[in-house]
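Numbering (UniProt numbering), first residue to last: 1 to 525.
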Amino acid sequence: MADSLEELYEKYNILSDAKENISKHADDYLFCFKATKGNEKEKKLSAQIISKFFKHFPNLQGSAINAMMDLCEDDEPSIRICATKVLPLLCKDTKEHLTKVANILVQLYQLDELECNTASNSLIQLFKEDPLKVVQSVINAINNDDSSPEATLVRERCIQFLYKKLIKIEDKLTPDIHDLLLEEGKKIVQDSTATEFLTVMPYLTASKLNKTIVGQQELVNLIAERAELDKDFDPHDEGSQNADCIIMCVQHALPIFSANVESTKFLKYYCDQILGHWDDIAKINDGNLIQYQFLKQLAELSMHCGKLDTPSCYVVQIFDKLKKYMPMPPEDGDIDKMPNLDFTSVECLLYSFHRLARQCPDFLTADPAVLKDFRSRLTFFSRGVGGCKKSLEKVQIKSKDDEKIRIAPAVLDNITALIKDLFYTTPVYKCNVQLSFKSLDRKNKLTTESTSTATKRHVPIQFDSSNGSSNKQIRTGGKGTENKLYTPPSGKFSSNFQNYDRGRGRGRGWRGTRGRGMGRGNWRN
């Protein structure tokens, strides 16, 4: 073995010293191909020699590439990494092989993370040589129809490479490449996992697509299609994580809505499908927190809802849920006996009702009995608001993270302002309030240094004064249990669009499964 390694060094010296006569030493170059079957040191040295002198032997380049492929398929990771690092040298002066080499590197994405990073670095070197060819090679791998487990991993890592690493090399991103990434990104989102969705959407929303009203509407339509708003909502559809899918999609659509890009389609879906399955949502894991997330989004959707053909059909859905959160006074007349009151949910519902009822101002006045019942609930709830405000004056904020306490005054003030409009002889819908969680999110953006895609969520504020006790306190959830924060992480998901981790470990996914890519056996095709 030592003699073989020494002979390999001799061949290297011969090739290196030959200079302009190097083409006469084809046999010495061919000897290096045989070394790809030797021991570890011989394989690593052969990879360096083959790549270094590749351009001088055009008639042997096909065999040289096959020899490098053998090293990329070696059982020893260190040898594969060595070959991966020098692969870009094959294209430094011979661009005609760039696509084939890029395809080899893409397939290395099915290996472990270290080798994947090495492949990415080599792809970036190729990208600097010919950006368009490299991007097209990666896109071809993304669109491959193979459905093996390795394929899913290759696809996911290719998407990560394009939309997280490649876009940082701004000096090589021509308008043509941006257009290619934009069109491919739109296709990826239509059939994406959660990780893929979270990877591609930031690029799309930062692209030229989001600079025009037409483009913004296209983005909203794209998100609506991925959320499958044309299908019935079923929170119990096993394996689909329908609730998480809707929440994630709407979360990305909300910043796009405006007076020119309306949220009407989404709001209709929330009123008909989400509120229509309200009790079912409560029964799934962390159902109460999911419900609150839906209510926050409903309130934001109501800001930019366009004109509804039959507004009362949607207002009544919100109104019915609002009454569930705003109890009637006790029948025994003991108004000091205060049940649990969910202020944050009421803020969202009351805000949504206030926004949409403007389109049907006679909703409350058409039936005097309905108005009387509702005002009775409002009056009783207002007492709870007042009691909570008094309690807050005695509470000391001990932690900067105690968001429930920090936003409580804004929640209560918003409820008071909205209720005041509804107590006019003829209810009016004039006041404009800033949702408490919106001001909190804005403040967090200014103060946090975290770069995580997960946004911290505050849990509902509730008010409890049971058994006629006058000791009022803020509650974070029912039955004295501690609520978990509802937080959307990023990462790998097992199926077709898993998205939120609510402290239950690994989850399931979106609707259906899908995988693409190719195994190492297809590299030579």
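Note that CB positions come from ideal geometry on N, CA and C, so glycine has one too. These numbers were taken from a predicted model, which means no experiment stands behind them.
Take the Cβ of residue i as the centre, count every other Cβ of all protein chains shown within 10 Å, and call the residue buried at 16 or more, exposed below.
i, result
"Asp244", "buried"
"His236", "exposed"
"Leu11", "At residue 11 the sequence reads Lys, which differs from the Leu that was named. So Lys11 ends up on the buried side."
"Lys37", "exposed"
"Tyr163", "buried"
"Phe363", "buried"
"Leu275", "buried"
"Leu105", "buried"
"Tyr29", "buried"
"Ser192", "buried"
"Asn190", "Reading the sequence as shown, one finds Gln at residue 190 and not Asn. Exposed: under 16 other Cβ atoms inside 10 Å."
"Glu113", "exposed"
"Pro88", "buried"
"Tyr314", "buried"
"Ala26", "exposed"
Which residues bound the alpha helix (DSSP H) around residue i?
i, result
"Pro131", "131-142"
"Asn242", "242-253"
"Thr264", "264-269"
"Asp258", "Checking the displayed sequence, the identity of residue 258 turns out to be Ser instead of Asp. First-last for Ser258: undefined, no H or E at that position."
"Ala102", "98-107"
"Ser46", "40-52"
"Cys32", "26-34"
"Ser312", "311-325"
"Asn221", "213-227"
"Cys91", "No alpha helix (DSSP H) holds Cys91; DSSP gives it neither H nor E."
Residues bridged to residue i by DSSP?
i, result
"Met69", "Looking at the DSSP assignment, Met69 forms no beta bridge with any residue, so it has no partner."
For residue i, name the three-state secondary structure that DSSP assigns.
i, result
"Pro368", "helix"
"Asn285", "coil"
"Lys430", "coil"
"Arg514", "Because Arg514 sits at a pLDDT of 41, beneath the cut-off of 50, its placement in the model cannot be relied upon, and the point is left open."
"Pro361", "coil"
"Lys168", "helix"
"Pro409", "helix"
"Thr118", "helix"
"His277", "helix"
"Leu182", "helix"
"Asp17", "helix"
"residue 588", "No statement about residue 588 is possible, as the shown extent of the chain runs from 1 to 525 and does not include it."
"Tyr12", "helix"
"Glu76", "coil"
"Asp421", "helix"
"Glu6", "helix"
"Lys55", "helix"
"Val154", "helix"
"Lys231", "coil"
"Val346", "helix"
"His236", "coil"
"Lys394", "coil"
"Leu435", "coil"
"Pro329", "coil"
"Thr174", "coil"
"Asp373", "helix"
"Gly507", "Note that Gly507 has pLDDT 31, beneath the 50 cutoff, so the model's placement of it is unreliable and the number below is only indicative. If DSSP states are grouped into helix, strand and coil, Gly507 belongs with coil."
"Asp112", "coil"
"Ser63", "helix"
"Ser382", "helix"
"Asp272", "helix"
"Ser147", "coil"
"Thr451", "Note on Thr451: pLDDT 41, under 50, position unreliable in the model; no value is reported."
Within the continuous beta strand (DSSP E) that includes residue i, where are the two ends?
i, result
"Gly201", "According to the sequence shown, residue 201 is Met rather than Gly. Met201 -> not in any beta strand (DSSP E); alpha helix (DSSP H) instead, spanning 194-206."
Inset, instruction - Assess, as a yes-or-no matter, whether the region 388-396 is touched by the region 352-365 under the definition of 3 or more beta carbon pairs within less than 8 Å. - result: No: the two stretches stay apart, fewer than three of their Cβ pairs being nearer than 8 Å.
Legend entry - Cβ contact check for the region 56-68 and the region 114-124: 3 or more pairs under 8 Å: Fewer than three pairs of CB atoms, one per stretch, sit closer than 8 Å, so the region 56-68 makes no contact with the region 114-124.
Inset, instruction - State whether the region 266-278 contacts the region 296-314, with contact taken as three or more CB pairs (one from each stretch) at a distance under 8 Å. - result: The region 266-278 vs the region 296-314: in contact.
Inset, instruction - Check whether the region 368-385 touches the region 306-318, taking contact to mean three or more Cβ pairs, one atom from each stretch, closer than 8 Å. - result: Taking 8 Å as the limit for Cβ pairs, the verdict is that the region 306-318 does not touch the region 368-385.
Legend entry - the region 207-221 contacting the region 249-261, beta-carbon criterion three pairs below 8 Å: Segments in contact, yes.
Inset, instruction - Determine, using beta-carbon pairs with one atom in the region 155-170 and one in the region 125-143, whether at least three such pairs fall under 8 Å. - result: Three or more pairs of CB atoms, one per stretch, sit closer than 8 Å, so the region 155-170 contacts the region 125-143.
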